[in-house]
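Here the sequence shown stands for residues 2 to 564, numbered as in the working numbering.
Quick reminder that beta carbons are idealized off the backbone N, C-alpha and C, glycines included.
All figures in this text were calculated on a predicted structure; none of them were measured in a lab.
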Amino acid sequence: MNPTENFRRARDFLIENREDWKAATEGFRWPALDRFNWALDWFDVIADGNGRTALHIVEEYGAEVRLSYHELAERSNRVAVYLRRHGVERGHRILMMLPNSAHLWEIMLASMKLGAVLIPATTLLTPEDIQDRLSRGEVRHVITDPEGAEKMRGLPGDFTRIVVGEQVRGWLAFHDAYDESSYFIPHGETHINDPVLLYFTSGTTAKPKLVLHTQRSYPVGHLSTMYWIGIREGDVHMNISSAGWAKHAWSSFFAPFNAGATVFVHNYSRFVPRRTLEVLETHEITTMCAPPTVWRMLILEDLTRHKVRVREALSAGEPLNPEVIEKVRQGWGTTIRDGYGQTETTAQVGNSPGQLIKPGSMGRPMPGYKIALLDAEGKPADEGEISLDLSARPAGLMAGYQDDATLNEFVMRDGHYHTGDVAVRDADGYVTYVGRADDVFKSSDYRISPFELESALIEHGAVAEAAVVPSSDPVKGDVPKAFLILKPGHAPTRELAGDVFKFIRRRLAPYKRVRRIEFSDLPKTISGKIRRVQLRALEKERRARGERGPLEFWQEEFPELKG
């Protein structure tokens with residue numbers, strides 16, 4: 002059996018069992034591959050003579066780009082020939098910093114065909130961030146737009162500079178790639194464990210880690226993501242995600258292309274719920290993945306006014322409150338499903354199509370993933386760190402962190418890959434997220450999950466975002482303190498703080514209640530993740546000095562809350 006048929010057989014099995022989780026998990030086996038180049042052995046094969054739309058981009062001002070599978074394969078061949086002409090060879094590192102344009106998909110395919118290693122980067126990077134990627138990523142070539150080129154003005158480095166769009170002095174014109182031949186011949190074979198992608202993590206606790214993925218770990222590994230989404234050939238899949246991050250590769254590249262679906266992109270400068278609903282209706286989107294903030298904004302509109310055809314609705318990052326899920330179900334007849342994974346992996350856990358959904362749960366292990374919850378002693382338990390059994394290593398696990406043997410040894414210790422995330426599992430095997438291991442703390446000897454408290458806080462009508470950290474207390478050791486960002490139109494007053502305290506008392510057990518509130522901005526990474534490590538350090542420093550924030554309120558200052 003050739004590599005393409007081997008891969009297809011595994012894919013088809015998951016599609017055939019897309020609503021039978023038990024059969025899928027018991028019968029699925031990762032395809033046994035040796036020599037495999039996903040772009041050549043999968044994408045180009047299904048693209049041959051295929052006029053179905055592979056990529057459909059709609060701009061905010063109405064312009065559209067449509068490329069069929071055949072066209073995208075041909076254009077990526079031209080780009081590969083062009084890049085080779087300008088020095089790109091197998092193993093070379095390419096930094097790609099572009100927004101959602103067709104060029105991004107062409108470059109990703111071309112890079113894989115060449116055997117190069119692509120480093121996707123968000124356009125939000127600062128010059129200092131770019132310099133870090135250039136040096137630690139050992140970049141040999143850069144592809145960006147004029148705005149990116151401007152950021153790189155004066156940055157040292159001996160690398161090829163290619164600009165997409167208007168010409169920039171000293172940079173090669175990417176547009177010349179389309180004058181190249183569409184006939185591409187690979188130089189040598191590609192091994193399944195050859196590197197293909199290098200992601201810099203968002204760096205919530207320290208400098209970004211360098212996550213290295215291979216032809217096996219992301220292209221093949223994302224069969225699990227395809228299964229979680231429930232996507233199939235002919236679907237039109239819309240993923241609301243910024244380019245440059247792993248979630249973009251998850252849901253805007255590998256999962257839909259593994260299924261033979263259409264990747265749909267709606268570009269906008271500001272998210273407008275009503276416009277998004279119009280796009281969903283007009284372009285007949287059938288599967289959709291969006292972060293929780295998007296779902297919360299969408300339900301502010303009347304969902305029944307738009308004839309949306311979304312069959313599969315997905316969310317990830319945090320549990321959605323029941324009100325959001327119910328409003329989408331009433332409006333569309335579709336239940337939003339949650340899932341879990343990391344930059345380091347593909348979809349590990351999820352609520353797959355056709356299965357019972359338990360409120361707050363991320364679901365059950367995806368086919369090909371053997372999940373263990375390990376306690377503090379490293380023993381299997383029903384509550385503990387989410388870990389992957391390396392004796393049954395899933396295809397979707399990274400090759401490792403580049404140039405960090407100590408970290409690799411730590412996360413791969415004792416026969417398991419340790420995610421750093423804590424969860425609980427019920428009798429039916431459903432997994433519920435608790436929080437990052439570093440973020441969980443104890444108060445009066447009770448374990449506190451900041452994630453759980455934050456999820457409760459954002460249900461308050463005035464709270465937009467929340468971050469909970471431990472705050473030193475002479476009696477309890479630590480108590481939960483919440484840093485809150487308010488929604489527009491709400492003032493950070495004592496009255497509002499009291500209302501939030503009352504709100505939490507009705508929703509959480511006494512030992513879980515937030516005891517201190519501060520209305521404040523939240524430090525974030527460039528990808529938008531909250532840097533709780535910075536908040537913990539700030540709170541520790543304040544308590545040591547006996548200081549408080551300018552808009553900080555303590556529960557004991559509200560006598561009406563006693564009892």
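Test item: CB-CB of residue i and residue j under 8 Å
i	j	result
G222	A262	no
A40	L110	yes
V164	D177	no
L454	V515	yes
R566	S69	This structure leaves residue 566 out entirely; the chain is present only between 2 and 564.
V412	Y418	yes
R310	T287	yes
R508	F554	no
A468	F484	yes
S388	A373	yes
A122	M98	yes
E313	G231	yes
P481	L487	no
Which of helix, strand or coil DSSP assigns to residue i
i	result
N194	coil
V325	helix
W246	coil
P293	helix
K23	helix
P147	helix
E279	helix
D93	Per the sequence shown, the amino acid found at residue 93 is His instead of Asp. Coil at H93, not helix or strand.
W172	coil
A314	strand
V221	helix
I186	coil
H307	coil
E129	helix
P368	coil
N240	strand
T407	helix
L523	coil
R67	strand
Contacts around residue i, its chain only, beta-carbon distance under 6 Å, and the 5 residues preceding and following it disregarded
i	result
M227	A256, N259 and A260
L408	Y402
I300	V325 and K328
H249	S242
Rounded C-alpha distance that separates residue i from residue j
i	j	result
H267	D159	36 Å
D130	R154	14 Å
A545	R517	16 Å
V197	R233	25 Å
G490	R67	41 Å
K530	S203	7 Å
D339	D422	16 Å
S252	C290	8 Å
P524	E466	12 Å
G550	G436	25 Å
E548	S456	28 Å
Cβ shell of residue i (< 8 Å), same chain only, five flanking positions each side left out
i	result
A33	N7
I193	L34, D35, R36, F37, T215, Q216, R217 and V221
L562	G499, F502, K503, R506 and Q556
G50	H71
E285	V237 and R310
V140	R94, I95, L96, I120, R134, G158 and F160
Reference residue i; option with closest CA among the options
i	options	result
G92	H142, V464 and V59	H142
E167	D180, E151 and P157	E151
S521	R233, Y62, L539 and R507	L539
Q356	D415, F554, L509 and I337	I337
P368	E20, T305 and P4	E20
A377	S362, V89 and D415	D415
V118	E65, D180, Y219 and V295	Y219
R12	I120, V441, W229 and A317	W229
E75	L389, G88 and I47	I47
L315	V140, L374, R30 and V325	V325
T191	P4, V280 and S242	P4
L126	R543, T526 and K541	T526
S473	L487, S445 and I16	S445
T347	W246, D303 and E519	W246
G332	S353, E319, L304 and G342	L304
D440	P451, D195, G397 and K541	P451
I186	S225, A250 and M113	M113
CB contact below 8 Å: residue i versus chain C
i	result
I16	Protein chains in the displayed structure number just one, and chain C is not present.
Cut-off 7 Å between Cβ atoms - residues of its own chain near residue i, not counting five sequence neighbours on either side
i	result
P360	P323
F559	G499 and F502
G171	R162
T344	Y200, T202, V212 and A247
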